[in-house]
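Take a look at the structure set out below.
Protein chains: 2
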Amino acid sequence: MVKESNTLHLKRLGIDTHQEAIVYMRRDCHVCRAEGFSAHARVHVVIGATAIVATLNRITGDLLNPGEASLSETAWLRLGATEGDKITVSHARPVDSLSRVRAKVYGQRLSDLGLAEIMGDIVAGRYSDIHLSSFITACSARKLDGDEIVGLARAMIAVGERIDWGTTPIVDKHCVGGLPGNRTTPVIVAIAAACGLTMPKTSSRAITSPAGTADTMETLAPVDLDLASMRRVVEQEGGCIVWGGAVHLSPADDTLIRVERALDLDSEGQLVASVLSKKAAAGSTHLVLDLPIGPTAKVRSAADAASLGYHLLNAAQALGLEARIVRSDGRQPVGRGIGPALEARDVLAVLRGAPAAPTDLKSRAAALAGIILELGGVAAEGKGIDVAESALASGQAWTKFQAICEAQGGMRTPPCSTHRQPILAERTGRIAAIDNRRLAKAAKLAGAPDAKAAGLELHTPLGYEVEKDSPLFTLHAETRGELAYALEYIDNHPTIIDIE
Amino acid sequence: MVKESNTLHLKRLGIDTHQEAIVYMRRDCHVCRAEGFSAHARVHVVIGATAIVATLNRITGDLLNPGEASLSETAWLRLGATEGDKITVSHARPVDSLSRVRAKVYGQRLSDLGLAEIMGDIVAGRYSDIHLSSFITACSARKLDGDEIVGLARAMIAVGERIDWGTTPIVDKHCVGGLPGNRTTPVIVAIAAACGLTMPKTSSRAITSPAGTADTMETLAPVDLDLASMRRVVEQEGGCIVWGGAVHLSPADDTLIRVERALDLDSEGQLVASVLSKKAAAGSTHLVLDLPIGPTAKVRSAADAASLGYHLLNAAQALGLEARIVRSDGRQPVGRGIGPALEARDVLAVLRGAPAAPTDLKSRAAALAGIILELGGVAAEGKGIDVAESALASGQAWTKFQAICEAQGGMRTPPCSTHRQPILAERTGRIAAIDNRRLAKAAKLAGAPDAKAAGLELHTPLGYEVEKDSPLFTLHAETRGELAYALEYIDNHPTIIDIE
Chain B
1 MVKESNTLHL
11 KRLGIDTHQE
21 AIVYMRRDCH
31 VCRAEGFSAH
41 ARVHVVIGAT
51 AIVATLNRIT
61 GDLLNPGEAS
71 LSETAWLRLG
81 ATEGDKITVS
91 HARPVDSLSR
101 VRAKVYGQRL
111 SDLGLAEIMG
121 DIVAGRYSDI
131 HLSSFITACS
141 ARKLDGDEIV
151 GLARAMIAVG
161 ERIDWGTTPI
171 VDKHCVGGLP
181 GNRTTPVIVA
191 IAAACGLTMP
201 KTSSRAITSP
211 AGTADTMETL
221 APVDLDLASM
231 RRVVEQEGGC
241 IVWGGAVHLS
251 PADDTLIRVE
261 RALDLDSEGQ
271 LVASVLSKKA
281 AAGSTHLVLD
291 LPIGPTAKVR
301 SAADAASLGY
311 HLLNAAQALG
321 LEARIVRSDG
331 RQPVGRGIGP
341 ALEARDVLAV
351 LRGAPAAPTD
361 LKSRAAALAG
371 IILELGGVAA
381 EGKGIDVAES
391 ALASGQAWTK
401 FQAICEAQGG
411 MRTPPCSTHR
421 QPILAERTGR
431 IAAIDNRRLA
441 KAAKLAGAPD
451 AKAAGLELHT
461 PLGYEVEKDS
471 PLFTLHAETR
481 GELAYALEYI
491 DNHPTIIDIE
Chain A
1 MVKESNTLHL
11 KRLGIDTHQE
21 AIVYMRRDCH
31 VCRAEGFSAH
41 ARVHVVIGAT
51 AIVATLNRIT
61 GDLLNPGEAS
71 LSETAWLRLG
81 ATEGDKITVS
91 HARPVDSLSR
101 VRAKVYGQRL
111 SDLGLAEIMG
121 DIVAGRYSDI
131 HLSSFITACS
141 ARKLDGDEIV
151 GLARAMIAVG
161 ERIDWGTTPI
171 VDKHCVGGLP
181 GNRTTPVIVA
191 IAAACGLTMP
201 KTSSRAITSP
211 AGTADTMETL
221 APVDLDLASM
231 RRVVEQEGGC
241 IVWGGAVHLS
251 PADDTLIRVE
261 RALDLDSEGQ
271 LVASVLSKKA
281 AAGSTHLVLD
291 LPIGPTAKVR
301 SAADAASLGY
311 HLLNAAQALG
321 LEARIVRSDG
331 RQPVGRGIGP
341 ALEARDVLAV
351 LRGAPAAPTD
361 LKSRAAALAG
371 IILELGGVAA
381 EGKGIDVAES
391 ALASGQAWTK
401 FQAICEAQGG
411 MRTPPCSTHR
421 QPILAERTGR
431 IAAIDNRRLA
441 KAAKLAGAPD
451 AKAAGLELHT
461 PLGYEVEKDS
471 PLFTLHAETR
481 GELAYALEYI
491 DNHPTIIDIE
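In order, the protein sequences belong to chains B and A.
Counting from 1, one number per residue, gives the positions in the first sequence under the numbering used here.
Counting from 1, one number per residue, gives the positions in the second sequence under the numbering used here.
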């Protein structure tokens, strides 16, 4: 279907559409006419040996001259285009794997082959946002069973790169989110690496939360390392904390996460496949999975934790990973900060052994690190937590963390917010409950995670006695607009923190 | 949140994104920085008293000067913008009704209030394609029950205009598609109006088929009539055949249909609500619903027809419509043409009483028109079909049809295709089965319905005896690319027409 006459020359318009591949062509262009393209058509764009599928936007004015076309910035980068390049445009082939998605919508199981085809088409950019959203929604409405979850994880691994570290064990951890401020990872990596284990940690950016580990870590050091740089850091320091998306370990997952974020949907099956595909692709062999349980955490009940734990262990085994599940208290945020830079300051306080460091963050990190040390064979059963605490107390973990930051490109100081506003207690009493979800939402409205300094600091944990008009938490924002936005939300939801 | 400082001046770039509202702003613009907008953010754009929600695309080059912004053509039209207008931009409010969609995904019922909120947000443009797709998918995966269907239909009616004709009965018909070429509507309207009934027919464009009635009718007369023009036609001629989208009778439906089309999903509940909301909004009081049943029709079995018929009658009653269901044979296409212009020629042949007119189309149209004449009180029970056949034979219906076309803006001659290719029988035998879906897909790949002359002509109905190498059907296309595309599909699916 590629015809020589269907060629146009590229002009860079510089339109940033985020991850959406758009091709801009004149409405009256000979290719549009010859191929019968309408606006919003899905078309196949080729430069040399590289091809993508893009959505057509038609130019009705003189932004482009006859014979010219343009691409959105993401399409420009994916095609490796340069100004004046010749592109060839034709109808996109029908995306056959969409019939697999429709079958799932109507209640049929997704086969391994079907999942492989879907993931292949997603990483090739053949799914529009409409298609991606339908797949995500179908997997939430029609829960994936154990085999589908394994099939999805395998398909996600297959379409990305997979690291072979040439050694074992490779230890790793993951926390099933929903608990604002629970930023144990940087502390755990520092402890594990300080104790001689290899822990090449790849983390996500936030899906529906005010900060992912990658967002927080980015305020302390660069995290957009490619695979070669990550390998260099790990070979030198035994550990790293980088963004998984930059090393393309599970490129399908990054695309799915963007849409899950827009929908605020997070299904059990997607979650298990997302976590384990990243771990397997990262070459991990031993894995600790932290499941915080609480009424407003992601895992709300012991029953939910049992189901999720079952699927995680089942899929881990199928993928050849040795995993252990840890259930923890998820009734309130961890540490004080919520938002990238604010959480980073809690991490630094724990690593430095600051007297005011949040004790909950410290004890959770030490407990998880202890299990990793045992799993990795550098601490005896039941002794891991003691070894972990020693590594913190001695400063070994802090030294190792600084070395890792330097190796990743240089340690940074987290930014400070420019706009702050304390939220005061409406009466005197004891803190009886904290709504993690609404607190997280307030932090997001204040700008987190895109605004790195934004979020909030929680002053009053569960059980704390407060006076009327004393501060419960302080909002941090980088713009007045976002601060006002978070305040409006808090005004409309006065029961985020329940005082009895 | 609307601040005077958040203003920019409009420059028209002329970018046609189909129905997607996009606002283009410089990446370094003061509003982006002050508000903390990232690419793909959902923002609130205001001109005077008119507001829309749009997706942000950021301009990295010099397409816009500092202080300038632009809008996609659809956003430009919806805001009634003119060059140089001052726009104010702020964060879009969170779309609260999305929590209703999420609850549906997880299995909760949609309440009347929830549906009203969702439809309100959809027509206000607050749903991105990702959100629309999730709603459509959720309603397919979690089938709507009877009350949800009525609630959806009511919500769709409430957000559009509703016509009061000041008279009764107002007759109407609808065919639940899936049967290529089944273009009875223009014939039925002509008969009903010729017999003195009022039949203001609003039709859809194709959802997943090669032609909707509006697409076909558009090759014979203008169909983009506004409400005032439609009223004038109906008052003058007693009937019309116009596109429902242009009269804004169910604007939410038009948006949903665009996404259903991209997904190739068509759920029972959406279908019932879509059909009946359009009928109620159009002021119809008496309604005939044609349900063709066949293995590759939209309704595949008697059981499916029973369920759909139940929901249609149940919802019709709740909405105050008198409805009758007709089940018909849906094992093969109707008439010869599939595609807008090709179907229009079949319609003309029936109305003109041409000797070669397709008898199946003629008899189906007469049967349905007969029931409408009885429902509308202008024919005795059991005599409707005779009256209908007389109106055709006498030429009254043909005269009326021409008058309606003239009143709609002038009768047109359907266009002829420029590229044709017969598909030949691979062996001698009898036509045992026809795959409506694949035949429709071939017609779509050939360019229908966007290319009006495209589609195919079927030469061999069920039971027909063919010789090897005689033509089964002829493909019609307006471009070589589309013809080649349909041929490739047919090569890959040799069993579209089964010869035994």
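Ideal placement from N, C-alpha and C gives every residue a C-beta, glycine not left out.
Because the structure is a prediction, the values reported are computed rather than measured.
Between LYS173(B) and VAL272(B), the C-beta spacing is not below 7 Å.
Taking all protein chains shown into account, GLU500(B) has fewer than 16 neighbouring C-beta atoms within 10 Å of its C-beta and is therefore exposed. The beta carbon of SER274(A) sits closer than 6 Å to the beta carbons of ASP253 from its chain, once the five residues preceding and following it are set aside; these are given in chain order. When the Cα atoms are used, ILE385(B) and ILE496(B) turn out to be separated by approximately 34 Å. A check of alpha carbon separations from ALA282(A) across SER203(A), ALA214(A), ALA51(A) and ARG420(A) identifies SER203(A) as the nearest. Closest in C-alpha terms to ARG12(B), from the list ALA302(B), ASP85(B), ALA41(B) and ASN492(B), comes ASP85(B). If you keep only unbroken alpha helix (DSSP H) runs of at least 4 residues inside the region 334-388 of chain B, you get 340-352 and 359-375.
In chain A, no part has a C-beta under 7 Å from the C-beta of THR167(B); the shortest such distance is about 39 Å. Taking 7 Å as the cut-off, the Cβ atoms of ILE293(B) and GLY269(B) do not count as close. Linking VAL176(B) to HIS44(B) through their CA atoms gives a straight-line distance of about 38 Å. ARG427(B) counts as exposed, since fewer than 16 other beta carbons sit within 10 angstroms of its beta carbon. From the beta-carbon of ASP264(A), the residues of chain B found nearer than 9 Å are LEU98, SER99 and ARG102. LYS441(A) counts as buried, since no fewer than 16 other beta carbons sit within 10 angstroms of its beta carbon. One Cα belongs to LEU249(A), the other to ARG162(A), and the distance between them is close to 6 Å. The residue among GLY377(B), ASP266(B) and MET217(B) with its C-alpha nearest the C-alpha of ARG142(B) is ASP266(B). Using a Cβ-Cβ distance cut-off of 8 Å, the region 254-262 of chain A and the region 438-453 of chain A are not in contact, since fewer than three pairs of beta carbons, one from each stretch, lie closer than that value. With contact defined as three or more Cβ pairs closer than 8 Å, the region 475-483 of chain A and the region 448-456 of chain A are in contact.
For SER134(A), the C-beta contacts it makes with chain B under 7 Å involve SER133, THR137 and LEU263, in order along the chain.
Among the residues facing chain A, ARG58(B) is included, as its CB has a counterpart in that chain under 7 Å away.
Contacts with chain B at 7 Å (Cβ-Cβ) do not include ALA433(A). At least one CB atom of chain A sits nearer than 7 Å to the CB of THR17(B). At a cut-off of 7 Å, the C-beta of ALA141(B) has a neighbouring C-beta in chain A. DSSP, read as helix, strand or coil, puts VAL272(A) in helix. If you draw a straight line from the Cα of PRO210(B) to the Cα of ALA448(B), it is about 5 Å long. ASP469(B) carries a coil assignment under DSSP once its states are collapsed to helix, strand and coil. Within the region 471-495 of chain A, contact with chain B at the beta-carbon level (separation under 9 Å) is assigned to ALA477, GLU478, THR479, ARG480, GLY481, GLU482, ALA484, TYR485, GLU488 and TYR489. Scanning its chain for C-beta atoms nearer than 7 Å, with the 5 sequence neighbours on each side dropped, one finds around ILE490(A) the residues ILE423, ALA442 and ILE496, in chain order. Counting along the chain, the unbroken alpha helix (DSSP H) around LEU313(A) starts and ends at 302-318. Residues ARG430 of the same chain have their beta carbon placed closer than 7 Å to that of GLU465(B), with the five preceding and five following residues left out of the count.
Residue environment analysis places GLU117(B) among the buried positions, since at least 16 neighbouring C-beta atoms fall within 10 angstroms of its C-beta.
Separation of ARG364(A) and THR137(A) (C-alpha to C-alpha, rounded to the nearest whole angstrom) is 34 Å.
Of GLY481(B), ALA432(B) and ASN436(B), the smallest CA-CA separation from THR418(B) is found for GLY481(B).
Linking THR216(B) to THR185(B) through their CA atoms gives a straight-line distance of about 10 Å. Following the DSSP letters along the chain, one finds PRO169(A) in no alpha helix (DSSP H), marked with neither H nor E. Under the three-state reduction of DSSP, GLU457(B) is assigned to strand.
What ILE325(B) touches in chain A, judged by beta-carbon distance under 7 Å, is nothing: the nearest beta carbon there is about 24 Å away.
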